[in-house]
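Protein sequence lines, in the order shown, are assigned to chains A and B. Residue 1 is where the first sequence starts when you use the numbering used here, and the numbers rise one by one after that. Residue 104 is where the second sequence starts when you use the numbering used here, and the numbers rise one by one after that. Built from N, CA and C at the ideal position, the CB exists for glycine as well. Being a predicted model, the structure only gives us computed values, none of them experimental. Written below as structure tokens is the structure these notes are about.
There are 2 protein chains.
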Amino acid sequence: MVKRVRGSTTGRPIMALLDLLGRRWTLRIVWELREAPRRFRELQDMTGASPTIVNTRLAELREAKLVELDEATGYRLTALGNELLRLFLPLHAWSEKWAKATA
Amino acid sequence: MVKRVRGSTTGRPIMALLDLLGRRWTLRIVWELREAPRRFRELQDMTGASPTIVNTRLAELREAKLVELDEATGYRLTALGNELLRLFLPLHAWSEKWAKATA
DNA sequence: TCCGGTTGCTACGGAATATGTAGCAAGCCG
DNA sequence: CGGCTTGCTACATATTCCGTAGCAACCGGA
């Protein structure tokens, strides 16, 4: 059972990726893992999301091989996940500019 | 009135941005506007989303000054929206790699 | 052995959000 | 006038999310 990715039946990876990341809390969770591994409850507290959804998103991210659970330290980005995060880092600086422009 | 962004009360722009983009169809819509302006129904057909949600997302993106409506040609990215898209372009190449790794 | 704490994770009922179909009013072209 | 496209909306249904509570497994004392 291929856990079909919502809406994207084209088979184009970019669509699957945009769909995966375009789910509530997914981007945020990846972001919160940028510096250090985090425990389940840490992620819950940092994001404010319900445990149900934290768990669901972590499961999706694990299946996508972007996140993994190291029992000793907590959830962390995989090598692949780190690459993805690096692509997103410029967003931080840009968001400041964007905030000024929309204020 | 700053149309508070869901869950993110920190006032940090990055959180607001991650939250805005982490809504169903938002990333996808921005992506579909990468090459040319698109009409309302074009976006509907390209994404497969319902008109209700297309309209909602477009309204949000317009308020965020990332998208604007040119009545002659359709919805298009603003200068700001184009900057954001440019940050996302590397995702396309990366997604191919990712697809292979998860296959 | 039992206690308190942490771990990841799940059940469940109610609230919020998305979907799908239909259709509106305004504009344009003939 | 008719027929087409435009952006957009109503409304009932289906899906998803939230918030609270709590589970079983583990660990470190006492």
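Does any CB atom of chain A fall closer than 8 Å to the CB of B/Ile-156? no
Using 8 Å as the limit for Cβ to Cβ distance, is A/Glu-83 near chain B? yes
Checking 8 Å against the spacing of the C-beta atoms, do B/Gly-177 and B/Val-133 come in under that value? no
Please classify A/Pro-51 as buried or exposed, where buried requires at least 16 neighbouring CB atoms within 10 angstroms. exposed
Is A/Thr-102 closer than 8 Å to B/Ala-167 when the C-beta atoms are compared? yes
Counting contacts by CB-CB distance shorter than 8 Å, is B/Glu-199 in contact with chain A? yes
Compare the Cα-Cα distances from B/Arg-142 to each of B/Ala-175, B/Leu-194, B/Arg-189 and report the closest residue. B/Ala-175
Mind checking whether A/Leu-33 and A/Val-54 have CB atoms under 8 Å apart? no
Can you tell me the Cβ-Cβ gap for B/Arg-165 and B/Thr-150, rounded? I've got them flagged as a contact below 8 Å. So it is not a contact: roughly 17 Å between Cβ atoms.
If we call anything under 8 Å between Cβ atoms a contact, is B/Ala-119 one with A/Pro-13? no
I need the DSSP call for A/Leu-69, collapsed to helix, strand or coil. strand
Within 10 Å of its beta-carbon, does B/Ala-152 have 16 or more other beta-carbons around it, so buried, or fewer, so exposed? buried
CB contact flag (A/Arg-76, A/Pro-37, <8 Å): yes
Specify, as a first and last residue, the run of the beta strand (DSSP E) that A/Asp-77 falls within. Note that residue 77 of chain A corresponds to Leu in the displayed sequence, not to Asp. Residues 74-77.
Do A/Glu-60 and A/Leu-20 have their CB atoms nearer than 8 Å? yes
Please go through the same chain and pick out, in chain order, the residues whose beta-carbon is closer than 7 Å to the beta-carbon of B/Asp-173, but skip the five residues on each side of it. Pro-140, Arg-179
B/Arg-137 - partner residues in DSSP beta bridges: DSSP lists no partner for B/Arg-137.
State the start and end residues of the unbroken alpha helix (DSSP H) segment that holds A/Leu-18. 13-21
Give the straight-line distance between the Cα atoms of B/Asp-148 and A/Glu-83, rounded to the nearest whole angstrom. 32 Å
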